[in-house]
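Chemist: Residue numbers (this note's numbering): 493 to 1088. For glycine and all other residues, C-beta sits at the position ideal for the given N, C-alpha and C. Let me begin by handing over the structure; questions about it come next.
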């Protein structure tokens, strides 16, 4: 069977987790050099939270599933005096190890070692390099350095890596975590420093949101489907909303957050990268540079954010809430007293090019909101020549990044029943329904594997970073200097009402009649649950011409069936059609009435 036929077969048949990783292993291991070369992965900052909660677990999952080269070693480096057993114990709650995997886990930690040293001390890095050379094949090994470190030590660490730990026979790659500076100037200083030590091909600026399944799906959705091309522009799109919502507050980490704020933490990176994927032109290919070239072109078309198109908010406690919900941002003991730092922001940007001129891109993000959600929402323009008496709402295409990955289109459809009334419904692709047995990799799994393979498509290039900071730096400097008082919003709410007013002002329309319900949650052992039935309020027939009733055991249903002959619809008046429909309504018998 050819590769194409094999791929088509895979696309039709849901694969189990083991089959998915088996196919991926086969693809990776066809590259003999990748499979057999020695690799050393360094966790710089191995004692920190990021290493414990993300980096070590990700490396374990990749090792467990056989996706890493056979001869891969892991070396932790930090100031703390630690042992591998101590690292294993601290990471264990995050590793998700099954009982049958304990032997494999031991094999993973047998490949781990740890060196303590000071980040600014050259002798510590000389000791680290000596340790590398003691590993099997260490002198020829390819080296990957993950900087799970605070930005304050980047300069010292990268300089010492360059001078003492670079491979002379294999390749070298450096993974840099955000934040990539605080503004345009500091970002440029960091980029200049890194470029003096490494080539751009060696630098991997990681934004983990670019590893999310649905963020990566945006390119396929746009450029792999003919139906979206003609409508993906200012003639059909009224506005684009990019949303990032967290249902929790700073949780005792307010001191760190207060130094950056929500715009630097989420909007300038995660949301702006999503905007690029929505707005960019079709790249010449899927090569890393072709894709990133188009993203840079889009960023260059965006004017700096204006304070007149911004709403800032800060959450306060909900007196009726429970636990942390009772506490506001300023109640966090790590937050400076009287801080005006924003925990919510809504910013409107415009892309000044032929495709998007005049279309508002609304970026919304915040903490302590009413739900966990990240999504891209394209709202289309009104249907011209309305014949339904203003009952139709705007179509929307929604790409749900988290939770419950999904793509769905909000559209109008005739309401079931005897009346010719439109209502909102959806065309839906929910990943857990379509791909029931497929385990979606964690974002860090995808991205770290990309570094091993040398793919930079989902990493931020220096000119991308420069343009992103150009857009937000004037706004951030104004906020830092003037310290405008953010609007208060209650913990667990949608955020400031003024943010909704801003969206409405620039053209977003919210009908408030529809809420998407994850269909995967609707089924419990193949049965629609009572709770979820109540959520699906859009299926209620408000005219009461038909009714779905359920007995106490949820096993008996009365289905009042209405037959419409659509072929004859255009040949009869609505009165004639309704009269015929009413004759086809199933009579309500005494037996049926007892079940209602």
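Take the Cβ of residue 945 as the centre, count every other Cβ of all protein chains shown within 10 Å, and call the residue buried at 16 or more, exposed below.
Modeler: Your numbering for residue 945 matches position 453 in the chain shown. Exposed: under 16 other Cβ atoms inside 10 Å.
Chemist: Leaving aside the five residues before and after residue 533 along the sequence, list all residues of the same chain whose C-beta is less than 6 Å from its C-beta, in chain order.
Modeler: Your numbering for residue 533 matches position 41 in the chain shown. Answer for residue 533: 566, 636, listed in chain order.
Chemist: Identify the residues that DSSP records as bridge partners of residue 698: which are they?
Modeler: In the chain shown, the residue the question calls residue 698 occupies position 206. In DSSP, residue 698 forms a bridge with 669, 951.
Chemist: Mind checking which residues open and close the beta strand (DSSP E) that includes residue 862?
Modeler: Taking the chain shown and counting its residues from 1, the one referred to as residue 862 is at position 370. Per DSSP, residue 862 belongs to no beta strand (DSSP E) and is neither H nor E.
Chemist: Tell me whether the beta-carbon of residue 741 lies closer than 9 Å to the beta-carbon of residue 859.
Modeler: Numbered from 1 along the chain shown, position 249 holds the residue referred to as residue 741. Numbered from 1 along the chain shown, position 367 holds the residue referred to as residue 859. Yes, Cβ-Cβ distance for residue 741 and residue 859 is below 9 Å.
Chemist: Compute the distance between the beta-carbons of residue 774 and residue 714, then report whether it is under 9 Å.
Modeler: Stepping through the chain shown from its first residue, residue 774 is reached at position 282. Stepping through the chain shown from its first residue, residue 714 is reached at position 222. It is a contact, given that the beta carbons lie within the stated cut-off.
Chemist: In three-state DSSP terms, what is residue 838?
Modeler: As a working note, residue 838 is residue 346 in the chain shown. Note: residue 838 maps to strand in three-state DSSP.
Chemist: Report buried or exposed for residue 661, applying the criterion of at least 16 other Cβ atoms within 10 angstroms of its Cβ.
Modeler: Locating residue 661 in the chain shown gives position 169, where the first residue counts as 1. Answer is exposed; the Cβ neighbour count stays below 16.
Chemist: Since residue 608 sits in a beta bridge, which residues does DSSP pair it with?
Modeler: Within the chain shown, the letter at position 116 stands for residue 608. The partner list for residue 608 (beta bridge, DSSP) reads 570.
Chemist: Do you know how far the Cα of residue 861 is from the Cα of residue 895?
Modeler: On the chain shown, residue 895 is found 403 positions in, with the first residue counted as 1. On the chain shown, residue 861 is found 369 positions in, with the first residue counted as 1. Straight-line Cα distance between these residues: approximately 15 Å.
Chemist: So residue 620 and residue 657 are in contact, right, with Cβ under 8 Å, and what is the actual spacing, rounded?
Modeler: Taking the first residue of the chain shown as position 1, residue 620 is located at position 128. Taking the first residue of the chain shown as position 1, residue 657 is located at position 165. Yes, they are in contact, since the Cβ atoms of residue 620 and residue 657 sit about 6 Å apart, within 8 Å.
Chemist: Just checking my contact of residue 833 with residue 750 at CB under 8 Å: how many whole Å lie between their CB atoms?
Modeler: In the chain shown, counting from the first residue as 1, residue 833 sits at position 341. In the chain shown, counting from the first residue as 1, residue 750 sits at position 258. Indeed they touch by this definition, with Cβ atoms about 5 Å apart.
Chemist: Which stretch, first to last residue, makes up the beta strand (DSSP E) that contains residue 634?
Modeler: The residue labelled residue 634 in the question sits at position 142 within the chain shown. Taken as a continuous stretch (DSSP letters only), the beta strand (DSSP E) holding residue 634 covers 634-639.
Chemist: What did DSSP end up calling residue 896 once you bin it into helix, strand or coil?
Modeler: For this step, residue 896 is matched to residue 404 along the chain shown. In this structure, residue 896 counts as coil in the three-state DSSP scheme.
Chemist: For the region 788-803 against the region 763-773, do three or more pairs of beta-carbon atoms, one drawn from each stretch, fall closer than 8 Å, so that the two count as touching?
Modeler: Verdict: yes, contact present.
Chemist: Just verifying my parser: in three-state terms, what is the DSSP assignment at residue 657?
Modeler: By one-based count along the chain shown, residue 657 stands at place 165. Three-state DSSP puts residue 657 in coil, outside helix and strand.
Chemist: Out of curiosity, what's the CA-to-CA distance linking residue 950 and residue 651?
Modeler: As a first step, residue 950 is located in the chain shown; it is residue number 458 there, counting from the start. As a first step, residue 651 is located in the chain shown; it is residue number 159 there, counting from the start. Cα-Cα distance, rounded: 25 Å.
Chemist: Under 8 Å, with one C-beta from each stretch per pair, do the region 571-589 and the region 539-549 reach the 3-pair mark?
Modeler: Enough Cβ pairs lie closer than 8 Å, so yes.
Chemist: With a CB to CB cut of under 7 Å and the five nearest residues on each side skipped, what residues in its chain are close to residue 1090?
Modeler: Here the chain covers residues 493 to 1088 and nothing more, so residue 1090 does not appear.
Chemist: Alpha carbon to alpha carbon, how far is residue 874 from residue 988? Give it in angstroms, no decimals.
Modeler: If you number the chain shown from 1, residue 988 lands on position 496. If you number the chain shown from 1, residue 874 lands on position 382. Straight-line Cα distance between these residues: approximately 27 Å.
Chemist: Residue 734 by DSSP, collapsed to three states: which one?
Modeler: The residue labelled residue 734 in the question sits at position 242 within the chain shown. It is a strand residue.
Chemist: How long is the line joining the alpha carbons of residue 733 and residue 997, rounded to whole angstroms?
Modeler: Residue numbering aside, residue 733 sits at position 241 when the chain shown is read from its first letter. Residue numbering aside, residue 997 sits at position 505 when the chain shown is read from its first letter. Cα to Cα, residue 733 sits roughly 14 Å from residue 997.
Chemist: For residue 664, which three-state DSSP category applies?
Modeler: Here residue 664 refers to the residue found at position 172 of the chain shown. Residue 664: strand per DSSP, three-state reduction.
Chemist: Roughly how many angstroms separate the alpha carbons of residue 666 and residue 638, rounded to a whole number?
Modeler: Position 174 of the chain shown holds residue 666. Position 146 of the chain shown holds residue 638. The straight-line gap from Cα to Cα measures roughly 6 Å.
Chemist: Whose C-beta lies closer than 6 Å to the C-beta of residue 725 among residues of the same chain, with five residues either side of it excluded?
Modeler: Residue numbering aside, residue 725 sits at position 233 when the chain shown is read from its first letter. For residue 725, where only same-chain residues beyond five positions count, the Cβ hits under 6 Å are 847.
Chemist: What separation, rounded to the nearest whole angstrom, lies between the Cα atoms of residue 1051 and residue 723?
Modeler: Numbered from 1 along the chain shown, position 559 holds the residue referred to as residue 1051. Numbered from 1 along the chain shown, position 231 holds the residue referred to as residue 723. Interpretation of residue 1051 is limited by its pLDDT of 34, a score under 50 that renders its predicted location unreliable; the figure taken from the coordinates is listed afterwards. About 39 Å.
Chemist: Between which two residues does the alpha helix (DSSP H) containing residue 623 stretch?
Modeler: Sequence index remark: in the chain shown, residue 623 carries index 131 (1-based). Its alpha helix (DSSP H) spans residues 614-626.
Chemist: Is DSSP giving residue 975 helix, strand or coil here?
Modeler: On the chain shown, position 483 is the one that residue 975 refers to. The answer is coil: DSSP assigns residue 975 none of H, G, I, E or B.
Chemist: Report the three-state DSSP secondary structure of residue 1059 (helix, strand or coil).
Modeler: Numbered from 1 along the chain shown, position 567 holds the residue referred to as residue 1059. In this prediction, residue 1059 has a pLDDT of 35, which is less than 50 and means its spatial position is unreliable; nothing more can be read from the coordinates.
Chemist: Compute the Euclidean distance between the alpha carbons of residue 640 and residue 545, then round it to the nearest angstrom.
Modeler: The sequence position of residue 640 within the chain shown is 148, counting from 1. The sequence position of residue 545 within the chain shown is 53, counting from 1. If I take the Cα positions, the gap works out to 11 Å.
Chemist: Starting from residue 712, trace the alpha helix (DSSP H) both ways and give me its first and last residue.
Modeler: For the purposes of this step, residue 712 is identified with residue 220 of the chain shown, where counting begins at 1. Segment 705-715, the alpha helix (DSSP H) holding residue 712.
Chemist: Tell me which same chain residues have a C-beta within less than 6 Å of the C-beta of residue 627, skipping the five on either side of it?
Modeler: To locate residue 627, count along the chain shown from 1; it is residue 135. Within the same chain, residue 627 has close Cβ partners 565.
Chemist: Is it the case that the Cβ atoms of residue 837 and residue 963 are separated by a distance below 9 Å?
Modeler: Mapped onto the chain shown, residue 837 falls at position 345. Mapped onto the chain shown, residue 963 falls at position 471. Against a cut-off of 9 Å, the Cβ pair of residue 963 and residue 837 comes out as no contact.
Chemist: Counting C-beta neighbours from all protein chains within 10 Å, is the total for residue 811 16 or more, i.e. buried, or is it exposed?
Modeler: Within the chain shown, numbered from 1, the residue matching residue 811 stands at position 319. It is exposed - the Cβ of residue 811 has fewer than 16 other Cβ atoms within 10 Å.
Chemist: Indicate the three-state DSSP secondary structure (helix, strand or coil) for residue 603 in the structure shown.
Modeler: Locating residue 603 in the chain shown gives position 111, where the first residue counts as 1. The answer is coil: DSSP assigns residue 603 none of H, G, I, E or B.
Chemist: If residue 839 sits next to residue 801, beta carbons under 8 Å apart, how far is it from one beta carbon to the other, in whole angstroms?
Modeler: Looking up residue 839 in the chain shown gives position 347. Looking up residue 801 in the chain shown gives position 309. Contact holds; Cβ gap of about 6 Å.
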